[in-house]
Every structure is written in structure tokens, then in C-alpha cells.
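Down below is the structure, laid out as C-alpha cells.
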Amino acid sequence: MVRSASAGLTVRMRTQVAIVGAGPAGLLLSHLLAQGGVDSVVVETRTREYVESRIRAGILEHSTVELLRSAGLGSRLLQEGAEHRGIYLQWPGERHHLDFLELVGRSVWVYGQTEVQKDLGRARDAAGQQVIYDVRDTEVHEPATPYVTFTVDGRLTRLDADVVVGCDGSFGPTRAVVPGTTWQRTYPYSWLGVLADVAPSTDELIYAWHPDGFALNSMRSPTVTRLYLQVPSDTDIDDWSDDRIWQALADRLGHGQDGWRLQSGPITEKSVLPMRSLVQAPMRNGNVFLAGDAAHIVPPTGAKGLNLAVADVGLLAPALVALLRENDPRLADTYSDRALRRVWRCTHFSWWMTTMLHTGDDPFDAQLQLSQLRWVASSVAGATGLAENYAGLPIGF
Ligand code: DHB
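Numbers 16 to 412, taken from my numbering, label the letters of the sequence shown in order.
Written as C-alpha cells, this is what we have:
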């Protein structure tokens, strides 16, 4: 129940949990809290249209799919998404399939974050959730007795809450009130990502090591392909014509190798994505908690970003329900430590996949990478390690 009353020029509102950010973490948290009988209000600086159209990764690990299903959010995902049993790992002259189902009994699903976002938006609409988009100047105050201020339609608003959760990404305002230690690494390369209106040339994703740089052949649907190229960090997108992109993809993905062909088509979106790792700990200060990118960033290789955000929320929602409904702080008190265990595992896995597959100018490193790839592709122990991490560890790992 949200109460709202004007006090002078400030609109005042109150809820149990104020959620900053309406990305997948914020909306999923409001959904799970509502199912647990806890009210929330979500505030978001972007418009709904922007949030629902921004292009992000598209691989859901096993526990993400299970959580979405058990929360009643899985019907379109299961209908329109595609289950993949594994991936291909390749380097010049060789392509190897890793079968996750055979190795660890778990699969992954191809279903774009954009679609998860739309499903969450519709579910929150149906439940009458208050999500305030297009707010300005959001600030989080007084972590012990927190409140959020923002302006919307030119009116200053104060939202009081028992708990504030920052689901507002690494540039959002909530991190500022959660002091701690930050670990980070930037990588000397970026990804050039494209969406193309063409049927995928592969049944499952291809991760390709190549002397010119890494390439990834992914997909979004039977008619839309998603592709990535390793490029230098300072890359100007205007230097990459569509022809140059397709040529580089064909070279690195092995067009012509053993009769395999990369089908090209109209490119509908292209952008350069920087790559960095960042972990902030703890993920709590007083009654302010962090979830998702607000506390940690992974490089995209291995597609862990969205999955980690979902895992955080999967831990945080029951902790807040216990705290606010039963006055039981035990799960909330251990949330940060439990979340960080998985965060560091995924931080290591993303760093490992990134450094194994992206090439630099050191020929010694290149030989180590090829040796590692051969081991992962040919040893059950090596393949199982990749599969276990890629398909995802259980949420409480
Ligand atoms: C995608 C992104 C990734 O980072 C990845 O490892 C696999 C797939 C994607 O956008 O489809």
C-alpha cells in the first residue's frame, strides 16, 4: 500500500521497499516481494520504452530459468526461447562441441534480456505495481532509516521506506551510500556487437579464438542473429562498415572451414561495448542493499551479467520478506556474503573465458590460450569445469 500526501512542495510517499532501477533486477525483485506479501515502489531514470528496447545479452542459465518459471514468468520464455545443450569452442581449423547436458545435466536457454524485461513489465502491470519512470536527480539518503528523493514531472518527491535496494547499475546513485572495497580490472579490448536480420548459421553458439581477435556467433530467434567481434578499446564504430564487419566475422568464425558457411544479412544495430570486471563489497549498508550491476560488473564473455543479477535477487527477496514480515534479520544479515560467493565465482569464470579467448600481441600468451582451449575441448575434466560454470551453479552456491 502506497500512501501519498503533499507536504509543502515535496510529494511524500511511503512503501516497505524502495527499489532504485527498473531493469531486470529491480522488476524481478518487486515481483518476488509482492509474491511474498511485501510492497515496493520502483523508480527509474529512463523511460519504459528505453528500458524495454536496450539490447543486452541473451543467455539464461539453468537456475535463472528455474527461478523465472517458479515465479510464474516462464511461459513466453519456454514457448519462444530455445534450449541449448551446449556451445562450440573453436580455433583455426578446429571446432568442438561441449555438451553441457551430458557433462553436468543442465542446459541454457537463448532468450534476450529485452524479452525478459518485457515479460517482467507485463507481469508488474497486471499486478498493479507502481513503477515511476523518467525520474531525475535520484538520491538515496540515511542508510539506517533510508529514503529516496527524486523529481518527476518537475515535482520533488520523497519516498520513505523500511529498506532501499539499489538495482541501478554501476553508474546509479545507490552505490554512493554503500561504502566498501572495490576490486576492478579493465581489459584492453572491447566488443563490437551487431544484430542482423538473418537466420543463425549455427544451431548453438560458437566461441571462436582467432589471431585477429575473438568472435562470437550468437542468436536471438530463428530469424535474428547476434554476433560479436573483439576490437581495440578505442574503436570508432564509424570505422566498421557492414562489409568490413561481415568479412571479419567470416574470417574469424571459419567461413568455408569443413563446408560451414556464415550467412550474412542486413545489420539492424551495432555498438561497441567496453569490457571490465568490478566487484564491490559489502553489498549492504544499514537498510540499503545492492543487487546486480550496482555491485558487480563482469565482461560479457560467458553471459553472466543478467544471470548474476537474477541470482542476487533470488537471495535478497526471501531475505527481505523474512526481515519485513517476520522481523527475522538472519537472511538479510548474510545476504551480502552469500551473494558475493557466487559473484566471485562468476567474476572468475568471466575473466577466465575472456582471457582464454581474446588475443593480444604476446605470442607466448597465444600458445597458452591454444593449449588451454585444447585441454578444455578434449578432456572431460576440462569441459566439465566450463560446463558447470556456464550452465550455472545453483542459486545458493
Ligand atoms: C551473448 C552474449 C554473451 O556475452 C555471450 O557469452 C553469449 C551470448 C548474446 O548476446 O547472445
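Glycine residues also receive a C-beta, built at the ideal position from the N, C-alpha and C atoms.
Next on the checklist: For the region 62-69 against the region 219-232, do three or more pairs of beta-carbon atoms, one drawn from each stretch, fall closer than 8 Å, so that the two count as touching?
Outcome noted: no
Checklist entry - Short check: CB of Thr-316 to CB of Ser-365, under 8 Å? => result By one-based count along the sequence shown, residue 316 stands at place 301. By one-based count along the sequence shown, residue 365 stands at place 350. Closer than 8 Å, so yes.
Item to check | Identity of the residues DSSP links to His-111 by a beta bridge | outcome: Here residue 111 corresponds to residue number 96 of the sequence shown, with the count starting at 1. DSSP, once it has assigned bridges, lists Leu-104 as partnering His-111.
Checklist entry - Should Val-115 be labelled buried (16 or more other beta-carbon atoms within 10 Å of its own) or exposed? => result Here the question's residue 115 lines up with position 100 in the sequence shown. Per the sequence shown, the amino acid found at residue 115 is Phe instead of Val. Buried, by the Cβ-count rule.
Item to check | Contact test: Arg-241 Cβ vs the ligand DHB heavy atom, cutoff 7 Å | outcome: On the sequence shown, residue 241 is found 226 positions in, with the first residue counted as 1. The answer is yes for Arg-241.
Checklist entry - Using a Cβ-Cβ cut-off of 8 Å (strictly less than) and excluding sequence neighbours within five positions of Ser-393, which residues of its own chain qualify? => result Your numbering for residue 393 matches position 378 in the sequence shown. Once the five neighbours on either side are set aside, the close Cβ partners of Ser-393 are His-111.
Item to check | Top-ranked residue by Cα proximity to Glu-154, from Trp-390, Asp-175, Pro-188 | outcome: Here residue 154 corresponds to residue number 139 of the sequence shown, with the count starting at 1. With distances taken between Cα atoms, Glu-154 lies closest to Pro-188.
Item to check | When Asn-300, Asn-404, Leu-113 are compared against Thr-196, the one with the closest alpha-carbon | outcome: Against the sequence shown, residue 196 aligns to sequence position 181. Minimum Cα distance to Thr-196 is reached at Asn-300.
Checklist entry - The alpha helix (DSSP H) spanning Asp-266 covers which residue range? => result Locating residue 266 in the sequence shown gives position 251, counting from the first residue. 257-268 is the extent of the alpha helix (DSSP H) around Asp-266.
Next on the checklist: Taking 7 Å as the cut-off, is the C-beta of Ser-122 nearer than that to any heavy atom in the ligand DHB?
Outcome noted: Within the sequence shown, the letter at position 107 stands for residue 122. Ser-122: no, Cβ never under 7 Å from the ligand DHB.
Next on the checklist: In the DSSP assignment, the alpha helix (DSSP H) including Tyr-243 goes from what residue to what residue?
Outcome noted: Against the sequence shown, residue 243 aligns to sequence position 228. First-last for Tyr-243: 239-247, but that is the beta strand (DSSP E), not the alpha helix (DSSP H).
Checklist entry - Any chance the CB of Ser-233 is under 7 Å from a heavy atom of the ligand DHB? => result Locating residue 233 in the sequence shown gives position 218, counting from the first residue. Yes, Cβ of Ser-233 sits closer than 7 Å to a heavy atom of the ligand DHB.
Next on the checklist: Can you check which of these residues, Gln-105, Arg-356, Leu-42, is closest to Asp-266 by C-alpha distance?
Outcome noted: Residue mapping note: residue 266 aligns to position 251 of the sequence shown, counting from 1. If we check each option's Cα against that of Asp-266, Gln-105 comes out closest.
Item to check | C-alpha gap between Val-58 and Thr-217, whole angstroms | outcome: As a first step, residue 58 must be located in the sequence shown, where it is residue number 43. As a first step, residue 217 must be located in the sequence shown, where it is residue number 202. When rounded, the distance between both Cα atoms is 40 Å.
Item to check | Neighbourhood of Arg-276 by C-beta, 7 Å cutoff - its chain only, sequence neighbours within 5 removed | outcome: On the sequence shown, position 261 is the one that residue 276 refers to. Ser-216, His-270.
Checklist entry - So what does DSSP say about Val-56, is it helix, strand or coil? => result Taking the sequence shown and counting its residues from 1, one reaches residue 56 at position 41. Correct three-state label for Val-56: strand.
Checklist entry - What's the call for Val-395, buried or exposed, on a 16-neighbour Cβ count within 10 Å? => result Along the sequence shown, one-based indexing puts residue 395 at 380. When all chains shown are included, Val-395 counts as exposed.
Next on the checklist: Relative to the C-alpha of Ala-37, which candidate in Ala-223, Gly-307, His-99 has its C-alpha closest?
Outcome noted: Start at 1 with the first residue of the sequence shown, and residue 37 comes out as number 22. Of Ala-223, Gly-307, His-99, the residue nearest in Cα terms is Gly-307.
Checklist entry - Hey, is the region 154-174 in contact with the region 243-256, meaning 3+ C-beta pairs nearer than 8 Å? => result no
Checklist entry - Should Gly-101 be listed as close to the ligand DHB, given that the test is whether its C-beta is under 7 Å from any heavy atom? => result Your numbering for residue 101 matches position 86 in the sequence shown. Flag unset: Cβ of Gly-101 not near the ligand DHB.
Checklist entry - Can you round the beta-carbon distance between Ala-398 and Leu-118 to whole angstroms, since I take them to be within the 8 Å contact cut? => result Taking the first residue of the sequence shown as 1, we reach residue 398 at position 383. Taking the first residue of the sequence shown as 1, we reach residue 118 at position 103. Yes, Ala-398 and Leu-118 are in contact; Cβ-Cβ is about 6 Å, under 8 Å.
Checklist entry - Among Val-56, His-77, Pro-39, which residue has its Cα nearest to the Cα of Arg-27? => result One-based indexing of the sequence shown puts residue 27 at position 12. Nearest C-alpha to Arg-27: Val-56.
Next on the checklist: Please list the terminal residues of the continuous beta strand (DSSP E) segment that includes Met-449.
Outcome noted: Because the chain is modelled from 16 through 412, residue 449 falls outside the range shown and cannot be assessed.
Checklist entry - Going by beta carbon distance, what residues of the same chain come within less than 7 Å of Val-213, once the five residues before and after it are set aside? => result Mapped onto the sequence shown, residue 213 falls at position 198. Here the set comprises Thr-240, Gln-278, Ser-279, Gly-280.
Item to check | CA-to-CA distance, Val-325 to Gly-96, given in whole angstroms | outcome: Stepping through the sequence shown from its first residue, residue 96 is reached at position 81. Stepping through the sequence shown from its first residue, residue 325 is reached at position 310. Straight-line Cα distance between these residues: approximately 17 Å.
Next on the checklist: Using the Cβ count rule (16 or more neighbours within 10 Å means buried), how would you classify Leu-242?
Outcome noted: Reading the sequence shown from its first residue, position 227 is the one you call residue 242. Leu-242 is buried by the Cβ-count criterion.
Checklist entry - So what's Thr-197 in DSSP terms, helix, strand or just coil? => result Numbered from 1 along the sequence shown, position 182 holds the residue referred to as residue 197. In this structure, Thr-197 counts as strand in the three-state DSSP scheme.
Next on the checklist: So, with DSSP's three-state summary, where would you put Phe-412?
Outcome noted: Taking the first residue of the sequence shown as 1, we reach residue 412 at position 397. Three-state DSSP puts Phe-412 in coil, outside helix and strand.
Item to check | 7 Å Cβ shell around Ile-312 - same chain, five flanking residues per side excluded | outcome: Position 297 of the sequence shown, counting from 1, holds the residue named residue 312. For Ile-312, where only same-chain residues beyond five positions count, the Cβ hits under 7 Å are Ser-185, Arg-291, Ser-292, Leu-293.
Checklist entry - Residue ranges of each alpha helix (DSSP H) run of no fewer than 4 residues wholly in the region 178-227, ordered along the chain? => result none
Item to check | Candidates His-363, Ala-332, Phe-304, Val-209, of which the one nearest Leu-82 by Cα | outcome: Stepping through the sequence shown from its first residue, residue 82 is reached at position 67. Ranking His-363, Ala-332, Phe-304, Val-209 by Cα distance to Leu-82 puts Ala-332 first.
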